[in-house]
Amino acid sequence: MPTPAGTLYRGREGMWSWVAHRVTGVLIFFFLLVHVLDTALVRVSPEAYNAVIGTYQTPIMGLGEAGLVAAIVFHAFNGVRVVLVDFWAKGPKYQKTMLWVVVGLFVVTMAGFLPRHLMNVFGGGH
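Note that the working numbering gives residue 96 to position 31 of the sequence shown, counting from 1, and the numbers run on in steps of one.
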């Protein structure tokens, strides 16, 4: 089935990068909302704040932190790509190549971050 003409955001790489950019943006927004609320808790009840922070120090939340970093890294790199596609005259021509650059940068960045983070989460990084 041919891709409809007139937009980069229908089908294939352009559409999936658009979807991933929106999903990561929403996830980052919800993290920030929860972060502001749990930080505000310290003024209401320091004991409740400490209890909430204590629940964050689990392997499940450590994996969540890794997911958060992955979302931020992809969103940041892809955001630069979106700006280039929208404001650089040759951006649409190179949008697919730039997406693969984003994927490469994402993989390299996460490969540098994940091993050390996961060692800390699962007790090997003391």
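Every residue, glycine too, gets a C-beta built ideally from N, C-alpha and C.
Inter-residue spacing [alpha-carbon to alpha-carbon] between residue i and residue j
i	j	result
D103	M126	15 Å
W83	A141	13 Å
R108	N115	11 Å
W153	G188	46 Å
R181	Y159	34 Å
L179	K155	34 Å
K161	I93	25 Å
Nonlocal neighbours in the same chain, by C-beta distance under 8 Å from residue i, ignoring five residues either side
i	result
L106	A113, Y114 and V117
Three-state secondary structure assigned by DSSP to residue i
i	result
T123	coil
S110	coil
P180	helix
A154	coil
F95	helix
G188	coil
G79	helix
Proximal residues to residue i (C-beta, below 6 Å), its chain only, five neighbours per side dropped
i	result
L170	F142
V167	F142, N143 and R146
L164	E78 and S82
L183	none
Closest Cα partner of residue i within the set the options
i	options	result
M175	V138, M80 and G76	V138
V186	V99, L92, E130 and V101	E130
V172	A136, V148 and M80	A136
V99	L133, T162 and V88	L133
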